[in-house]
Every structure is written in structure tokens, then in C-alpha cells.
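Asks:
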Amino acid sequence: MSTQMNWSIPRMLATHPHPARLQPEVLAACVEACADCAYACTACADACLGEAMVQPLVRCIRLNLDCADICDATGRLLARQTQPDWSLLRRQVEACQAACQVCGAECAQHAAMHEHCAVCADACQRCEQACANLLAAFPA
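Residue 432 is where the sequence shown starts when you use my numbering, and the numbers rise one by one after that.
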């Protein structure tokens, strides 16, 4: 089974009458990574709650939920291309990158025991990298 998703994001971004001043493929990759990470973190938090020993996973659950919310908000902000405030977007992407780093590191600590944490750590790492790539492409 393929892990690739058929996202509408690149097509939708390409149809905008006033596209952002970013490389479309880098922007789309970040929006997609944010959405994927948000869902992975939400599912990981839920899976952690289903584990027999929840107490050792409380921090992981909290970080999963925080990261999911930040990734969701970041993807939604980036998908809006009309008159962006680049300073605000930069800060949001930086916050997303930081949330993914912290959450991914926490999930990695539990990955040997909980496969859902390994999956989530991977999604966080991909989103963190997509955020870094986008930040490098931001207009000056």
C-alpha cells in the first residue's frame, strides 16, 4: 500500500489569482506536511490514551495535541495567499517547526515501545523539515 496521498493542495494553490511569492512546490509540501503531521499527532494522542499505562505518556499526549493544533493552524494560514503578512507567517512557521521538533523528540523516546509514537515521530520530522525548507524560501 502506498503512503503517498493525493492532495488537492498543489492544484488549489496553483489556481489562486494572486499566488504567494513562494516556490509553489515548497509551499504545497509544507501545507501537506502540516496536515499530515496534525492528523498523525491527533491519532498518536488517541493511541496513547488507549495504552494500558497512560501515565508515562501524559507529556507525549499533551505535546501531540499541541503539535496537532499548531500544525493545523500553520497549514491553514499558509493555504491563504491573499495579502499575507510575511512576518506573521514566518513566526507561525517557526512555531510549527519548534512544535514538531519537541513533539517528535518526545515521541521518539516512546517509539521502541509504541509503534504509533514511531509513526508520529516520523511525521513530525518530515513537517519540521518542510517548515525549514519553506523558511529558507521566504521573501526577504
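Glycine residues also receive a C-beta, built at the ideal position from the N, C-alpha and C atoms.
1. Start and end of the alpha helix (DSSP H) containing Leu494?
2. Using the three-state DSSP reduction, which class does Glu482 fall into: helix, strand or coil?
3. Kindly indicate which three-state DSSP category Ser439 falls into: helix, strand or coil?
4. Determine the DSSP secondary structure at Thr473, reduced to helix, strand or coil.
5. If distances are taken between C-alpha atoms only, which option among Leu566, Leu565, Leu458 comes closest to Ala510?
6. How about the stretch 495-510 and the stretch 461-478: do they share at least three Cβ pairs that are nearer than 8 Å?
7. Quick one: Cα of Thr513 to Cα of Pro487, how far?
8. Pick from Pro448, Leu453, His449, Leu444: whose alpha carbon is nearest that of Ala571?
9. State the Cα-Cα distance for the pair Arg490 and Asp516, rounded to the nearest angstrom.
Replies: Reading from the atomic positions:
1. From DSSP, the alpha helix (DSSP H) with Leu494 extends over 489-510.
2. Glu482: coil per DSSP, three-state reduction.
3. Residue state, collapsed to three classes: coil.
4. Here Thr473 carries a helix assignment [DSSP, helix/strand/coil].
5. Ranking Leu566, Leu565, Leu458 by Cα distance to Ala510 puts Leu458 first.
6. A contact exists between the stretch 495-510 and the stretch 461-478.
7. The alpha-carbon atoms of Thr513 and Pro487 are separated by roughly 44 Å.
8. The shortest C-alpha separation from Ala571 is found at Leu453.
9. Our two residues, Arg490 and Asp516, have alpha carbons roughly 33 Å apart in a direct line.
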